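Okay, structure first, notes after.
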Amino acid sequence: MKTLSRLGLLSAAVAMGALAGLPALAQDSVNVTNLSYRTGPFAATGTPVMNGQRDYIMMLNERDGGVNGVKIVYDECETGYNTEKGAECYEKTKGSSIVTQPWSTGITLQVLPKSNVDKIPILAPGYGFSPMAEGKTFTWAFNPPTTYWDGASMILQNIADGNLDSLKGKKIVLLHLDAPFGKEPIPLMQAYAEKHGFTLLPIPVGLKEMQNQSAQWLQIRRERPDFVVMWGWGAMNAGALTEAAKTKFPMDKFVGIWWSGSDADLKTVGEAGKGYRSISWSFPVSDSKTMQDIKTHVIDKGKSLSAPGEFDYVFYQRGVVISMFAVEAIKSAQAHFNTKVVTPEQLRWGFENLKLDDAYLAEIGFTGMVPPFSTSCANHAGHSGGWMLQWDGAKFVKSSDLLKADETMIQPLAIAEAKKYAEANAPWPTNDECKM
Amino acid sequence: MLYRTAGQFKTSYVADHALFPVRQDAWLLAFILLLAFVVFPMTASEFAFRALLIPVLIYALAALGLNILTGYAGQLSLGTAAFMGVGAYACYKMTTIFPGMNLLLAIGLSGFFSAAVGVAFGLPSLRIKGFYLAIATLAAQFFLVWLFEKWAWLYNYNASGAIQVTNIQMLGITVAGPQASAMVQYYFVLGVVCLVTVFAINITRGRIGRMWKAVRDMDIAAELVGINLMKAKLSAFAVSSYIVGIAGALFVFLWRGAAEPVLFDIPLSFRVLFIAIIGGLGSILGNYLGAILIVALPVIISTLPAALGLPIPSAMVEHLNTMIIGALIIAFLIIEPHGLARFWAIIREKLIIWPFPH
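So this is what it looks like as C-alpha cells:
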C-alpha cells in the first residue's frame with residue numbers, strides 16, 4: 028500500500044510538473060528549436076541534416092559567443108517524422124522558441140494555419156507547401172531558398188537539355204512517397220505535361236512499401252519510361268536506388284529531388300549508382316571557411332554527434348546552410364530593430380529581408396555552398412535555383428551550371444493555390460502592408 | 368476506513384441498482400468531474416490541453432467504442448482506425464458541403480456513417496469468430512485506408528491528399544480550426560465524451576449489454592436461451608462503430624486540425640486496442656486509465672528531463688520513453704492480466720475492508 032501511495036504521489040507530482048509548463052527563457056539567449064527526427068524510418072536521411080544544423084550553431088557559440096553577443100540555444104524535440112508527435116512538439120516549443128522548424132511537409136501543413144494565430148515564423152527550407160513562397164498570403168511561413176515546384180521545373184529543364192519541347196511524346200515516371208511531401212510536385216508537373224506534350228505517370232510508394240519497391244519497379248520496367256523522377260525521403264531513397272541497380276535501370280535517366288541525394292544512400296549502391304542525378308540548392312564545400320571553423324571548433328573537439336566521414340556529405344553541409352538561414356535572419360532583425368534578443372515578430376521581418384549575395388556569402392564563409400538569393404515580403408522563398416549534382420561512384424559532383432526555375436509558369440499556379448488555401452481557411456489574414 | 372461501506376443501507380430496489388451503490392464511489396467521481404470541469408481548465412497550459420487532456424479524452428472515447436465490441440460482445444476488431452477515419456471523413460464532407468452546419472450535429476451524424484460501415488464489415492462475424500474475424504476487420508482496415516487515399520472526392524481533390532479543418536463557429540464561438548482556443552475545444556470534447564460515457568454505462572448495464580455479454584461468454588449457449596445472435600453482434604458493431612466514428616471526428620476536428628490517410632493506418636488501430644486491453648476489456652473506467660498510460664505518460668516522460676534540467680538529447684529521451692512505456696505495459700500485464708480497471712477494483716476491495724482484512 029505504501030508503494031502504491033508513493034507511486035500516486037509521484038505521478039501527481041509529475042502531472043503537476045507537466046501542467047505548469049516549461050521553464051522560462053534566459054535573457055541573453057535566443058532559442059531556435061528544431062523538430063528533429065533521429066529515430067524512425069526517416070532517421071537515416073534526417074540525422075546528417077540535424078547534425079549539420081546543430082554543429083553550425085555550436086560553432087558560432089564557440090567561435091563568436093553566439094550572434095552579436097547573444098547565445099543561440101539549439102534544442103531538439105524528437106518527432107520521428109510522426110505528425111502527431113510533431114504537433115505535440117510544436118505546442119511544447121512555441122512558447123520558448125523564436126522559430127519553428129517542422130521538418131516534414133505533413134507537420135508543416137499541420138502548423139501552417141496555427142502560425143498566424145501563434146505569431147511564430149515557420150522555417151521550412153526547401154520543403155513544405157510550395158505556394159508558401161507567396162508571402163502576401165502566408166505571412167509567417169518561409170521556404171527559402173527554393174520550393175519543390177522550382178525543383179520540379181529545374182529537373183525537367185535539365186533532363187530536356189533546356190528545351191522542354193524536346194520532351195514531347197516522352198514518358199516520365201514520378202516515383203513519389205505517398206505522403207503530402209511526395210504529392211507536392213504533381214500539380215505543376217501535370218501542367219508541364221499538358222503544355223509540352225509528355226506523359227506523366229505518378230507511381231506512389233506507400234510508407235510501408237519504402238524498403239521493398241519491387242512492385243513499383245516492375246511497373247517501371249513494363250512502362251519503359253524515358254526518365255524516372257524521384258520524390259523520396261528516408262528509407263525510400265535507398266530502396267529505390269538498390270531496386271534500380273538490381274533491375275539495371277539506366278542511372279543517367281534517374282533523377283531525384285534534393286532530399287533524394289543523400290551520400291549515405293548512394294554509398295550503399297556505390298559504382299552501380301554512377302550517373303544518378305539529384306537537383307540540389309546546396310553543395311558541400313569542405314574547405315570553405317565555415318566548414319573549416321566547424322571542423323576546428325566542433326568536430327575536432329569531439330562535440331559533434333556526426334559519424335566519421337559525414338562531414339563531407341551533401342546533407343550534413345545542407346544542415347549547416349539551413350542553420351545559416353536562421354542565423355542570418357536573426358542578424359538582420361537585430362540590426363533593423365537595434366536589439367539583441369529578437370522576438371518571433373522581429374525574426375519574421377528578418378526572414379523577409381535576407382540578402383545573401385555572392386559577396387556576403389563569401390564574407391560569412393559560405394562561398395559556393397548555396398546560390399545567392401534574397402527574400403522580400405512577397406517572396407518568401409527567394410527562388411535561388413540550384414545545381415544538378417551527379418554521383419560519380421564515390422561522391423556527388425556538380426554536373427550543371429546554376430539552374431533557375433521557370434517562374435512565369437510557376438507563379439500563376441502558386442498564386443492560385445495560395446488563394447485557394449486562404450479561401451478554404453477563411454478568415455485567413457493576409458499581409459496587406461506588402462505592396463510589392 | 369476511507370472506503371467503509373458499513374452503515375450504507377439499501378432500502379429500495381432503485382437504491383440497490385444505482386450506478387454507484389457505494390457512496391464513496393460517487394464522491395470519487397464527483398471529485399474527478401470537478402477536476403476535469405473546473406480545476407484542469409483553470410490550471411492547464413495550452414500545451415497541457417493540446418498534448419495531454421484533449422488526446423487522452425479522445426483516445427479514451429475510441430477505446431470505449433472498441434471495448435463495447437471486443438470487451439462486451441467478444442468480437443475482436445483490428446479495424447478501429449479505419450472506422451475512426453470514416454467518421455472523420457464523413458464529418459469533413461458534411462462541414463464542407465454544408466458550411467454553416469452545427470459541428471456538434473455534424474459529429475453526431477458522422478457516427479452514423481461509420482456505424483453503417485461497421486455493420487457492413489461486421490457481417491462476417493455471423494459466420495466466423497475469433498482470429499478469423501480479426502482478419503476480416505483487418506481487411507476493412509486496409510480497404511478503407513486505401514479508399515481514403517484513392518477517392519479524391521473525399522478530400523475535395525486537395526493536392527496534398529490531406530483534409531484540413533477550417534475555422535468552424537458554433538454560437539459565435541470558434542470551436543474548430545486554427546483559431547479555436549484550446550479551452551473551448553477541451554470543453555467540447557469533454558462534453559461529448561461525458562455524454563457518450565453515460566450512454567455507454569447505461570447500455571452495457573441494461574438488456575442489450577447483458578445480451579452482448581452472453582454472446583461473448585458462449586454464443587451457442589446464448590443462442591439456446593433465445594438471444595438473436597445476428598441482432599446482438601450487429602448491434603454491437605453498430606454501437607461500437609458509432610462511438611469510434613465520433614471519436615475519429617473529434618480526433619481530426621477538435622485535436623489534429625488536419626489528417627492524411629496514413630494517419631488512420633494500422634498503428635492507430637493497435638494503439639486503441641492496446642489502450643482497451645491494458646485498461647481492461649469489458650470495463651468503462653479502464654479506457655480512461657489505459658489512455659492515461661498509453662497517451663499521456665509518454666508526453667509527461669518526455670517533458671521530465673527538461674523540467675528537471677537533465678541534459679539528455681531528445682532522441683535519447685524518445686528511446687528511453689519507448690523502453691519505459693514498454694516495460695510498464697509488460698509490468699502491468701504481469702501484475703494484473705485483466706487490465707488497470709481490474710487493478711483498481713482490487714485496490715478498492717482492499718480499501719473497503721481495510722484496516723481489518725479478516
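Residue numbers (my numbering), protein chains in the order written: chain A, 28 to 463; chain B, 368 to 725.
Backbone N, C-alpha and C fix where the C-beta goes; we use that ideal spot for every residue, glycine too.
As the structure is a computational prediction, the values presented were derived from the model and not from experiment.
Asked	Found
Pairwise C-alpha distance: residue 633(B) and residue 491(B)	20 Å
Proximal residues of chain B, C-beta to C-beta of residue 137(A) below 8 Å	623, 624 and 625
Assumed close pair residue 134(A), residue 166(A) - CB separation to whole angstroms, cut-off 8 Å	Their Cβ separation, rounded to whole angstroms, is 19 Å, which puts residue 134(A) and residue 166(A) out of contact at 8 Å.
Neighbour-count burial assignment, residue 96(A), 16 or more Cβ in a 10 Å radius	exposed
First through last residue of the alpha helix (DSSP H) which encompasses residue 688(B)	681-702
Proximal residues to residue 307(A) (C-beta, below 7 Å), its chain only, five neighbours per side dropped	285, 288, 341, 413, 414 and 416
Same chain, Cβ closer than 8 Å to residue 355(A), five either side skipped, listed in chain order	377, 381, 383 and 391
The stretch 700-715 of chain B: positions lying closer than 9 Å to chain A by Cβ	714
Cβ contact check for the stretch 268-275 of chain A and the stretch 206-225 of chain A: 3 or more pairs under 8 Å	no
Against chain B: residues of the stretch 137-158 of chain A by CB proximity under 8 Å	137, 140, 141, 143, 144 and 156
Partner residues on chain C for residue 65(A), Cβ-Cβ distance less than 7 Å	Included in the structure are the protein chains A and B, with no chain C among them.
Neighbour flag for residue 133(A) against chain B, beta carbons, 7 Å	yes
Per DSSP, cross-strand counterpart(s) of residue 227(A)	199(A)
Candidates 391(B), 625(B) and 427(B): closest to residue 646(B) by CA position	427(B)
Beta-carbon proximity of residue 202(A) to residue 182(A), cut-off 7 Å	no
Cβ pair count under 8 Å reaching 3, the stretch 429-438 of chain B against the stretch 606-620 of chain B	yes
C-beta neighbour in chain B for residue 210(A), strict 7 Å	yes
Neighbour list for residue 451(A) in chain B, Cβ cutoff strictly below 9 Å	463, 523, 525, 531 and 533
Partners in chain A for residue 629(B), counting only beta-carbon separations shorter than 7 Å	206 and 234
Partners in chain B for residue 178(A), counting only beta-carbon separations shorter than 7 Å	Residues of chain B passing the Cβ test: none, with the nearest at roughly 16 Å.
N- and C-terminal bounds of the beta strand (DSSP E) containing residue 283(A)	281-283
Exposure of residue 376(B), with buried meaning 16 or more beta-carbon neighbours within 10 Å	exposed
Residue-chain proximity (residue 528(B), chain A), Cβ-Cβ < 7 Å	yes
CB contact check: residue 399(A) to chain B, cutoff 7 Å	no
Under 7 Å between C-beta atoms of residue 688(B) and residue 669(B)	yes
Chain-order list of residues whose beta-carbon lies under 7 Å from that of residue 353(A) (same chain, five-residue window excluded)	59, 126 and 150
Chain-ordered neighbours of residue 546(B) on chain A, where CB pairs are closer than 7 Å	144
Given residue 68(A) as reference, the closest of 204(A), 421(A) and 387(A) once Cα atoms are compared	204(A)
Neighbourhood of residue 124(A) by C-beta distance below 7 Å, restricted to the same chain and skipping five residues each side	58, 59 and 60
CB of residue 478(B) within 7 Å of CB of residue 604(B), strictly	no
Partners in chain B for residue 105(A), counting only beta-carbon separations shorter than 7 Å	681, 682, 684 and 685
Residue 376(B) Cβ short of 6 Å to the ligand NAD heavy atom set	For the ligand NAD, the structure offers nothing, since it holds no ligand at all.
Minimum C-alpha distance to residue 346(A) - residue among 373(A), 318(A), 194(A) and 362(A)	318(A)
Any chain B beta carbon closer than 7 Å to residue 118(A)	yes
Three-state secondary structure assigned by DSSP to residue 161(A)	strand
Selection of the stretch 406-433 of chain B by Cβ proximity to chain A, strictly under 7 Å	410, 411, 412, 413, 414, 415, 417, 418 and 419
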